[in-house]
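S.K.: Numbering follows UniProt numbering, in which position 68 of the sequence shown is assigned residue number 68; successive positions increment by one, without gaps. Even glycine gets a Cβ: it sits at the ideal position worked out from N, Cα and C.
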Amino acid sequence: MSSSALRRFFVYGTLKRGEPNHKLLTSPENGVGKFVGRGETTIKFPLVIGTRYNIPFLLNKRNTGNFVRGEIYEVDDTMVKKLDELEGYPDFYDREIQDIKLLDEEEEKILPCWVYLLRTFPDHLLNFEMLTEYRDTPERKYCEVYNESTPDDLRDHVQADLQK
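1) Under 8 Å between C-beta atoms, does T26 make it to chain D?
2) Quick check on DSSP: helix, strand or coil for K141?
3) Taking 8 Å as the cut-off, does the segment 118 to 130 touch the segment 43 to 62 (at least 3 CB pairs, one atom from each stretch)?
4) What residue from D99, T64, Q163 has the CA that sits closest to V11's CA?
5) Between R135, Q159, G33, which lies nearest to P122 when the distance is taken from Cα to Cα?
6) Taking 8 Å as the cut-off, decide whether the C-beta atoms of Y93 and L118 are in contact.
7) Does the separation of the CB atoms of P28 and D136 fall below 8 Å?
8) As an exercise, report each continuous alpha helix (DSSP H) stretch of at least 4 residues that is fully enclosed by the segment 4 to 44, in chain order.
9) Kindly indicate which residue of K16, N54, G33 has the alpha-carbon position closest to the one of E139.
10) Count the CB pairs spanning the segment 101 to 111 and the segment 33 to 47 that are closer than 8 Å, and state whether there are at least three.
11) My output table needs one value for N54: the three-state DSSP class, helix, strand or coil.
12) Taking the beta carbon of D76 as the centre, do at least 16 other beta carbons fall within 10 Å, making it buried, or is it exposed?
13) To which residues of the same chain is P151 closer than 6 Å at the C-beta, ignoring the five residues directly before and after it?
14) Let me confirm a value: P56 is counted as buried when at least 16 other C-beta atoms fall within 10 Å, else exposed. Which label applies?
15) Ignore the nearest five residues each way along the sequence and tell me which others in D161's own chain have a CB closer than 8 Å to its CB.
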């Protein structure tokens, strides 16, 4: 376990409990990933599913879309490196602090959390269905082959798909 301070992250897609990549957050060899609670963005963002891999993307377009629901985790530096690797940060996604409302609390509590946002994207993604919450479904099954690709090959495929 890392001796570093824990940082809060808001996850909205495949890293949530019950989703395909959640195991990354629960594997001790990846570092510390402690569930804090369910959360919701305090600013509207477009959450869309795109590419042949059915990847959930939170587009960096504030005040468009919905308040997005997800989960808040406290993670150490080792886990941050794993998350950055999965999300392709800093080349593919931006990572920035956003205020997240902690749900299921009697009193409203706002927590600053790191969030991954898709930096650049084609405008046509704004025509996709904008979700409030991501769920992996049979109709839009997340393709785990995505995780088995090499980062460069994968980014090329995803970038090409995003341009379609």
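M.R.: This is what the structure holds:
1) In the displayed structure, chain D is absent; only one protein chain is listed.
2) By 1-based counting over the sequence shown, the position of residue 141 is 141. Reduced to three states, the DSSP call for K141 is coil.
3) As far as the Cβ criterion goes, the segment 43 to 62 touches the segment 118 to 130, which means the pair count is three or higher.
4) Your numbering for residue 11 matches position 11 in the sequence shown. That would be D99, whose Cα lies nearest to the Cα of V11.
5) For the purposes of this step, residue 122 is identified with residue 122 of the sequence shown, where counting begins at 1. Residue nearest to P122 within the set R135, Q159, G33 is Q159 (criterion: CA-CA distance).
6) Indexing the sequence shown from 1 puts residue 93 at position 93. Indexing the sequence shown from 1 puts residue 118 at position 118. In this structure, L118 lies closer than 8 Å to Y93 by Cβ.
7) Locating residue 28 in the sequence shown gives position 28, where the first residue counts as 1. Locating residue 136 in the sequence shown gives position 136, where the first residue counts as 1. In this structure, P28 lies away from D136, with their beta-carbon atoms at least 8 Å apart.
8) DSSP runs (the alpha helix (DSSP H)) wholly in the segment 4 to 44: 22 to 26.
9) For the purposes of this step, residue 139 is taken as the residue at position 139 of the sequence shown. The shortest Cα separation from E139 among K16, N54, G33 belongs to N54.
10) Between the segment 101 to 111 and the segment 33 to 47, the count of C-beta pairs closer than 8 Å reaches three or more; the two stretches touch.
11) Against the sequence shown, residue 54 aligns to sequence position 54. N54 falls in the coil class under three-state DSSP.
12) Here residue 76 corresponds to residue number 76 of the sequence shown, with the count starting at 1. By the Cβ-count criterion, D76 is buried, with 16 or more other Cβ atoms from all chains shown falling within 10 Å of its own Cβ.
13) Here the question's residue 151 lines up with position 151 in the sequence shown. With a pLDDT of 47 at P151, under the threshold of 50, the modelled position of that residue is not reliable, and the figure given next carries that caveat. Excluding positions up to five away in sequence, the list is empty.
14) Stepping through the sequence shown from its first residue, residue 56 is reached at position 56. Buried.
15) Locating residue 161 in the sequence shown gives position 161, where the first residue counts as 1. Once the five neighbours on either side are set aside, the close Cβ partners of D161 are G50, T51, R52, Y53.
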